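Colleague:
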Amino acid sequence: MTNPIQGFSRGDDDPSACGRPTPMSVRSFRSRAVSSIGWVAADKWGNRFIALGVLIVLGRLLDAEDFGLVALTVIIVSIGAIIVDAGFSKALVQKDQLEESDRSTAFWFTVATSCLLVVGMIVFAGPIAHFLGDQRLVPILRWLSIAVIANAISSVPAALLEREFGFRKLAIRRLLGTAVGGISAIVAALAGLGVWSLVIQTIFTSVVSLLSLWTTSPWRPHFVFSSARFRLLWGVGGSVLGIELIGVVASQADRLVIGTVLGAEVLGYYFLAMRVVSILVELFSSVFSGISLTAFSRLQKQPDRLVSLFYRLVEISSNVAIPVFTLAALTAPVMIPLVFGHEWNAAVVTFQILCILGALNAIGYFDRSVLIASGNSSLAFLLTFGQGILGVALIVFSSQYGVVAVAIAVVARQYLFWPVRLLILRVAVNIRPVHYLVRWLRPFLFSALSVVIIAAMFWRTTDPIDAAAFYVGACVVVVVTVSGLGTREVLRGALNELGGSVGTSFSQSRMDT
């Protein structure tokens, strides 16, 4: 494999290397955008189904405490990954035109920062573990530093592929990494390695993804670092860094508090419940969210079309997420022990509460992308900051009442701050709250009816196998019915907007030149 820090395959005179459209028809360019959605679907759905399958197997092989220990360590790794990226990957996608100095500057900064972070994780693993309340975390932290540097080396090449709608290569990379990491974890768990199975999974996923990416990516960094380009990238990346750093702190605050106050075992139950909810959210929303920043960025000079695409994506997500999370919450008392084993019964109530969070998160998945793409990254930062402060306060206060109280606090954070999100979207991109909320109406009413029907039928089923069959059948009926009520038309409109966004961008770039 080519050394990732030496050589390059494209020069500055290559339009595709500089972020400028290559000579091709508008129709061809549009088809790339629309076809990218298929690869994003394969990537997101494939990865989530693999992750869910691996989680089910590992849930039957490992203890809740094993999951809790790694969940605590991942807090540090996640924060480190945000610092290392510094928002530059988003800045590379968002910029209209790129030069080689943009790409190489971003790459060398992320690599250098990751090396410093790795040294810090190795040297200060002891004090960090002491702060987190468990010295067993020391070797775990040190080994997981491998994933930090692997992810850093992948950051810029992945962003460049995303910018050019290279989602096929990104999909293959992530699918391969997830599959190899999952298989390695299962083999390790069967061998009795316990918590180290999850450590191996994280490392193998990152390293295999890195190798796959550098094998398929045509770009190689130059030995160039421009302070001027760094400042330009920081103009967008700095705000994105603030958004993502506060976002990850807020999203990990519940795990940090549960792990340090209530212990690793309780955190393990909470982690599994939240992980399943997160996978479901990503299944519904991540296909379009994976391409939304790129598409929104292409429409930043066409506000009416940008808002139209935003409405369509929200409606698609709500049509699926609200009914399915309703069913998931109703059937959790049977499905959780059936799928993961009876030892996970303690996670049922937490999962049911977090399903309320999942429904809202699936719909709000596009807020940050539309703000960043429209040049309102500072407002996105303020939104994340305010919600993060509220969330940390609620979580710390609720921790004295147990894990269920923390779950309620996490849900309350999202819903209490929701009116502020709508106000910011109204000011920044002219999203009208009434038009936005109308997108919720049909799936909400349908879900309310589903609750009544399922409550009358489901609880009569005592056989777990019959209950599982009923659950799957109900999910299919709900999703297909809602789709028949208009989702297909909304989806078709969203696809047209996505394709049109790229074609218009291409035409404009030809006019500018």
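Mind the numbering: the sequence shown is residues 1 to 513 in full-length UniProt numbering, read in order.
C-beta: ideal position from N, C-alpha, C; glycine also.
Just so it is clear, the structure is predicted and the values come from calculations on it, not from any experiment.
What would DSSP say about residue 376, mapped onto helix, strand or coil?
Modeller: coil
Colleague: Can you tell me whether residue 311 is buried or exposed? The criterion is at least 16 other CB atoms within 10 Å of its CB, across all chains shown.
Modeller: buried
Colleague: If the criterion is Cβ atoms closer than 7 Å, does the pair residue 221 and residue 104 meet it?
Modeller: yes
Colleague: Assuming residue 257 contacts residue 82 (C-beta within less than 8 Å), just tell me the rounded distance between them.
Modeller: Not really, about 19 Å apart at Cβ, beyond 8 Å.
Colleague: To the nearest angstrom, how far is it from the Cα of residue 351 to the Cα of residue 157?
Modeller: 36 Å
Colleague: Does the contact criterion of 3 or more C-beta pairs under 8 Å hold for the region 104 to 120 versus the region 164 to 180?
Modeller: In this structure the region 104 to 120 does not lie against the region 164 to 180, because fewer than three pairs of beta carbons, one per stretch, are closer than 8 Å.
Colleague: Of the residues 72, 166, 306 and 383, which one's Cα is nearest the Cα of residue 242?
Modeller: 383
Colleague: Can you check whether the CB of residue 168 is closer than 7 Å to the CB of residue 93?
Modeller: In this structure, the beta-carbon distance from residue 93 to residue 168 does not fall below 7 Å.
Colleague: Based on Cα-Cα distance, which residue from 47, 274 and 231 lies nearest to residue 182?
Modeller: 47
Colleague: If we count the other Cβ atoms within 10 Å of its Cβ and call it buried at 16 or more, is residue 303 buried or exposed?
Modeller: exposed
Colleague: What is the DSSP secondary structure of residue 395, counted as helix, strand or coil?
Modeller: helix
Colleague: Below 7 Å CB to CB, which residues in the same chain sit around residue 65 once its five sequence neighbours on both sides are set aside?
Modeller: 264, 265 and 268
Colleague: With a threshold of 6 Å on Cβ separation, who are the neighbours of residue 424 within its own chain once the five nearest residues in sequence on each side are excluded?
Modeller: Counting only Cβ-Cβ distances below 6 Å, and skipping sequence neighbours, we find 379 and 383.
Colleague: Quick one: measure Cβ to Cβ for residue 58 and residue 137, integer angstroms, because I've assumed they're closer than 8 Å.
Modeller: 19 Å between Cβ atoms; not a contact.
Colleague: Go through its chain and collect everything with a Cβ distance to residue 101's Cβ below 7 Å, but skip five positions before and after it.
Modeller: 224, 226 and 229
Colleague: Thinking just about the alpha-carbon of each residue, which of 414, 63, 231 and 233 is nearest to the one in residue 363?
Modeller: 414
Colleague: On the CB-based measure, 16 or more other CB atoms within 10 Å of its CB, does residue 419 come out buried or exposed?
Modeller: exposed
Colleague: Hey, is the region 332 to 351 in contact with the region 365 to 374, meaning 3+ C-beta pairs nearer than 8 Å?
Modeller: No: fewer than three Cβ pairs fall under 8 Å.
Colleague: What number of angstroms, rounded off, separates the C-alpha of residue 385 from the C-alpha of residue 274?
Modeller: 22 Å
Colleague: Taking the straight line between their C-alpha atoms, what separation do you get for residue 204 and residue 185?
Modeller: 9 Å
Colleague: Is DSSP giving residue 226 helix, strand or coil here?
Modeller: It is coil, neither helix nor strand.
Colleague: Closer than 7 Å by C-beta to residue 439: which residues in its own chain qualify, once you throw out the five before and the five after it? Chain order, please.
Modeller: 311, 314, 315 and 318
Colleague: Does DSSP put residue 319 in a helix, in a strand, or in coil?
Modeller: helix
Colleague: Please classify residue 193: does DSSP put it in a helix, a strand, or coil?
Modeller: coil
Colleague: Please look up how many angstroms separate the CB atoms of residue 410 and residue 349, rounded, as I've assumed it's under 8 Å.
Modeller: Going by Cβ atoms, the distance from residue 410 to residue 349 rounds to 14 Å, so no, they are not a contact pair.
Colleague: What's the gap between the Cα of residue 148 and the Cα of residue 80?
Modeller: 7 Å
Colleague: Alpha carbons only, please: which of 283, 421 and 74 is nearest the one belonging to residue 40?
Modeller: 283
Colleague: My understanding is that residue 161 touches residue 206, with C-beta atoms under 8 Å, so please give their C-beta distance in whole angstroms.
Modeller: Not quite, the Cβ-Cβ distance comes to about 17 Å (not below 8 Å), so this is no contact.
Colleague: Tell me whether residue 346 sits in a helix, a strand or coil according to DSSP, three-state version.
Modeller: Three-state result, residue 346: helix.
Colleague: Going along the chain, which residues of its own chain have a beta-carbon closer than 6 Å to the beta-carbon of residue 151, five neighbours each way excluded?
Modeller: 81 and 206
Colleague: In whole angstroms, what separates the C-alpha of residue 431 from that of residue 239?
Modeller: 22 Å
Colleague: Among 276, 262, 189 and 44, whose alpha-carbon lies nearest the alpha-carbon of residue 336?
Modeller: 276
Colleague: How far does the alpha helix (DSSP H) with residue 86 in it reach, from first residue to last?
Modeller: Unbroken run through residue 86: none, as it is neither H nor E.
Colleague: Tell me which residue opens and which closes the alpha helix (DSSP H) that residue 261 is part of.
Modeller: Segment: none, residue 261 is in no alpha helix (DSSP H) and carries neither H nor E.
Colleague: Which residues in the same chain have their Cβ closer than 8 Å to the Cβ of residue 176, if we skip the five residues on either side of it in sequence?
Modeller: Around residue 176: 208, 209 and 212.
Colleague: Are the CB atoms of residue 61 and residue 179 nearer to each other than 7 Å?
Modeller: The Cβ atoms of residue 61 and residue 179 do not sit closer than 7 Å to each other.
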